[in-house]
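Numbering of the sequence shown is given in my numbering, commencing with residue 140 and proceeding in unit increments.
Ideal Cβ placement from N, Cα and C applies to all residues, glycine included.
Everything numeric in this text was worked out from a predicted model, so none of it was measured.
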Amino acid sequence: MDIVQYLVEERKANVNAVGDTGETALMRAAAEGYIRIVQYLVGCGADVNAKDEVRDTALTIAVESQNMDVVRSLIEDGGAEVNEIDGAGYTGLMKAAAQGRTDVVRYLVQEGGADVDATDGAGHTALMRAARGGHIEVVRYLVEECKADGNAVNEDGDSVLLQSAAEGQFEVIKYLVEECNVDVNATNLQGATPFTVAASAGHIEVMCYLVKECKADVNGKVDDGDTALMQAVHFGHIDVVRVLIGECEANVNAMTEDGETALMRAAQYGHLEIVQYLAGKCGANMDAADVVGGTALLRAAAEGYIDVVRYLVEAGADVNVKGRDGDTALILAAEFGQLEVVRYLVEEWGANVDATEGDGYTMLIAAAQYGHINVVQYLVEQRGANVNATDRDGDTALMRAAAEGHVEIVRYLAEDCGADVNVQDNDKDTALILAVQCRQFDVIRYLVGEQRANVNAVNNSGTTALMRAAAIGDLESVRYLVGTRSADVDITDKSGSTALMWATGAGHIDVIQFLTGMQA
Numbered sequence: 140m141d142i143v144q145y146l147v148e149e150r151k152a153n154v155n156a157v158g159d160t161g162e163t164a165l166m167r168a169a170a171e172g173y174i175r176i177v178q179y180l181v182g183c184g185a186d187v188n189a190k191d192e193v194r195d196t197a198l199t200i201a202v203e204s205q206n207m208d209v210v211r212s213l214i215e216d217g218g219a220e221v222n223e224i225d226g227a228g229y230t231g232l233m234k235a236a237a238q239g240r241t242d243v244v245r246y247l248v249q250e251g252g253a254d255v256d257a258t259d260g261a262g263h264t265a266l267m268r269a270a271r272g273g274h275i276e277v278v279r280y281l282v283e284e285c286k287a288d289g290n291a292v293n294e295d296g297d298s299v300l301l302q303s304a305a306e307g308q309f310e311v312i313k314y315l316v317e318e319c320n321v322d323v324n325a326t327n328l329q330g331a332t333p334f335t336v337a338a339s340a341g342h343i344e345v346m347c348y349l350v351k352e353c354k355a356d357v358n359g360k361v362d363d364g365d366t367a368l369m370q371a372v373h374f375g376h377i378d379v380v381r382v383l384i385g386e387c388e389a390n391v392n393a394m395t396e397d398g399e400t401a402l403m404r405a406a407q408y409g410h411l412e413i414v415q416y417l418a419g420k421c422g423a424n425m426d427a428a429d430v431v432g433g434t435a436l437l438r439a440a441a442e443g444y445i446d447v448v449r450y451l452v453e454a455g456a457d458v459n460v461k462g463r464d465g466d467t468a469l470i471l472a473a474e475f476g477q478l479e480v481v482r483y484l485v486e487e488w489g490a491n492v493d494a495t496e497g498d499g500y501t502m503l504i505a506a507a508q509y510g511h512i513n514v515v516q517y518l519v520e521q522r523g524a525n526v527n528a529t530d531r532d533g534d535t536a537l538m539r540a541a542a543e544g545h546v547e548i549v550r551y552l553a554e555d556c557g558a559d560v561n562v563q564d565n566d567k568d569t570a571l572i573l574a575v576q577c578r579q580f581d582v583i584r585y586l587v588g589e590q591r592a593n594v595n596a597v598n599n600s601g602t603t604a605l606m607r608a609a610a611i612g613d614l615e616s617v618r619y620l621v622g623t624r625s626a627d628v629d630i631t632d633k634s635g636s637t638a639l640m641w642a643t644g645a646g647h648i649d650v651i652q653f654l655t656g657m658q659a
């Protein structure tokens with residue numbers, strides 16, 4: 140204190156000077172609870188409502204630091220603005236309510252005139268903040284003595300009850316329901332109720348109270364069609380799932396608008412114990428399909444949850460089931476690179492590695508297209524997959540890999556498996572033409588430079604790889620094909636157009652200049 144007094148009175152220090160963060164001496168003293176220094180600085184004209192870079196005032200800082208004497212001094216001696224907000228939109232009252240400081244809350248309201256209905260940037264009131272923190276004494280005071288609205292909602296439509304349920308604040312919930320007559324089935328903007336959020340957060344006591352005592356709708360759905368059971372499944376709350384079904388009689392086969400069931404959700408997220416409970420104990424339909432034909436098995440296979448896949452298959456799920464686009468569990472596992480699932484389905488269930496789905500995909504083509512070299516190698520080396528098999532478009536695994544830029548797979552299929560790099564699909568496109576169309580320069584360089592792919596091969600339209608490169612303005616590929624590998628610049632397609640004409644039509648000046656320089 141003596142030093143502060145000396146600096147102000149003898150050295151004429153500016154009491155409102157700010158540091159790098161906008162903090163004043165008054166703010167620092169308020170944070171530390173130095174009441175004598177606070178009183179002195181206020182008496183010397185310190186600005187009690189000054190804000191730092193995060194818009195805190197000395198009062199909001201004092202409240203957050205739980206320095207009641209400082210709070211009182213700032214208001215009574217300095218006339219601090221009680222309803223001033225910080226950068227997050229919080230008033231001192233909101234901060235005190237969140238801390239459960241009934242004494243500070245009471246003082247700010249009764250002596251400071253704090254606005255109990257003020258909201259922060261998200262529409263939260265002091266009552267909401269107290270309720271979320273489970274501060275029942277503050278909640279009672281705000282409701283009973285300050286007439287705070289127990290049915291108020293924030294900008295997301297979350298009521299005080301819903302926010303309390305999300306945090307599992309049982310005492311607050313009982314008070315709001317029994318003393319404030321709040322609506323237990325009120326929904327927020329997403330259609331969530333206090334019951335559904337309690338279930339998703341795993342608050343069993345709250346959930347059971349809302350269902351058994353308050354008659355909350357156990358099978359009610361939020362806007363996306365989720366029930367409380369589905370949300371509990373989503374977060375892996377097995378205890379909640381057991382209570383919802385065993386005690387609350389939740390519908391185990393309820394579906395969202397997309398046809399998703401709780402079992403599908405559990406399988407997709409790899410919650411084995413929940414899958415076992417739903418399918419083994421509750422009779423959940425293992426072969427139920429969503430709107431795209433996806434079953435629990437298909438979801439688990441795509442995500443690579445081998446334990447879930449194994450359980451479902453051995454429990455009787457249809458291993459050959461297909462989604463709407465014809466994908467099987469095997470195809471999906473290959474597509475997503477789930478080698479362990481692929482191995483299980485092939486080796487233990489004798490799945491045909493060359494079987495096709497709706498688009499004619501084989502497992503090998505799917506794995507190659509999505510860049511899963513380990514699955515590709517397993518299928519070829521250990522299961523003898525046909526490297527020259529084609530899909531409905533006539534594309535091979537090598538072609539699909541080339542179009543996607545998976546040069547390692549292209550190299551493996553060409554060098555180790557003898558796949559034909561010049562084979563043509565139904566449109567007579569080659570792997571090179573597809574790679575050019577997709578701007579896969581590393582693949583282009585490998586196919587031409589190391590495999591001597593035919594650079595002048597034409598498709599059904601008479602188009603060459605060079606024409607494709609010119610048409611899309613890929614100067615790097617044009618330079619490589621012409622300058623390094625002598626692609627014929629004068630070939631015409633069936634419409635009589637050359638590569639130069641394709642570039643001209645598309646307005647690719649740099650390609651035009653290069654081809655003109657080559658005397659095209």
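Per-residue burial, ASP362 [other beta carbons within 10 Å of its own, 16 or more giving buried]: The residue in question, ASP362, is exposed, as its Cβ has fewer than 16 Cβ neighbours within 10 Å.
Delimiting residues of the alpha helix (DSSP H) encompassing SER616: Boundaries of the alpha helix (DSSP H) around SER616: 614-618.
Of the residues SER303, VAL481 and GLY375, the one placed nearest HIS511, counting alpha carbons only: Among SER303, VAL481 and GLY375, the Cα nearest to that of HIS511 belongs to VAL481.
Within 8 angstroms, strictly: CB atoms of ALA219 and VAL209: No, these two residues do not count as a Cβ contact at 8 angstroms.
Test item: CB-CB of VAL372 and VAL380 under 8 angstroms: Yes.
Extent of the continuous alpha helix (DSSP H) to which TYR585 belongs: Boundaries of the alpha helix (DSSP H) around TYR585: 580-588.
Residues bridged to VAL157 (per DSSP): Answer by DSSP bridge pairing, in chain order: THR163.
ASN565 classed as buried or exposed, judged by whether at least 16 other C-beta atoms fall within 10 angstroms: Label assigned to ASN565: exposed.
In DSSP terms, what SER298 is bridged to: BP columns for SER298 point to VAL292.
Beta-carbon contacts of GLU479 that lie in its chain and below 6 angstroms, excluding the five residues immediately before and after: Sequence-distant partners of GLU479 (beyond 5 residues in either direction) whose C-beta falls short of 6 angstroms from its own C-beta, in its chain, are ILE445.
Check whether ASN155 and ALA189 have beta carbons under 8 angstroms apart: Result yes, Cβ atoms of ASN155 and ALA189 sit closer than 8 angstroms.
Buried or exposed by the 16-neighbour rule on C-beta atoms within 10 Å, applied to TRP641: Buried is the call here.
Candidates GLU192, ASP191, ASP195 and LEU213: closest to VAL173 by CA position: The residue you asked about is not Val; residue 173 is Tyr in the sequence shown. Put simply, of GLU192, ASP191, ASP195 and LEU213 the residue whose alpha carbon is nearest the alpha carbon of TYR173 is LEU213.
Cutoff 6 angstroms; reference SER204; Cβ partners in own chain excluding five residues on either side: If you ignore the 5 residues before and after SER204, its C-beta comes within less than 6 angstroms of the C-beta of ALA170, all in its own chain and listed in chain order.
Separation of ILE470 from GLU496, as counted between CA atoms: Approximately 7 angstroms between the Cα atoms of the pair.
Buried or exposed by the 16-neighbour rule on C-beta atoms within 10 Å, applied to LEU451: Looking at its Cβ environment, which holds 16 or more other Cβ atoms inside 10 Å, LEU451 is buried.
Backbone CA spacing between LEU411 and VAL447 [nearest angstrom]: Here the C-alpha atom of LEU411 lies approximately 6 angstroms from the C-alpha atom of VAL447.
Rounded separation between GLU543 and ASP530 - CA only: One Cα belongs to GLU543, the other to ASP530, and the distance between them is close to 16 angstroms.
Limits of the unbroken alpha helix (DSSP H) element including ILE504: Counted as a single uninterrupted DSSP element, the alpha helix (DSSP H) harbouring ILE504 occupies residues 502-508.
Closest by C-alpha distance to GLY158, when choosing among TYR179, CYS183, GLN178 and GLU192: The shortest C-alpha separation from GLY158 is found at GLU192.
Same chain, Cβ closer than 7 angstroms to GLU284, neighbours up to 5 away in sequence not counted: Beyond the five residues adjoining it in sequence on each side, GLU284 comes within less than 7 angstroms, by CB distance, of no other residue in the same chain.
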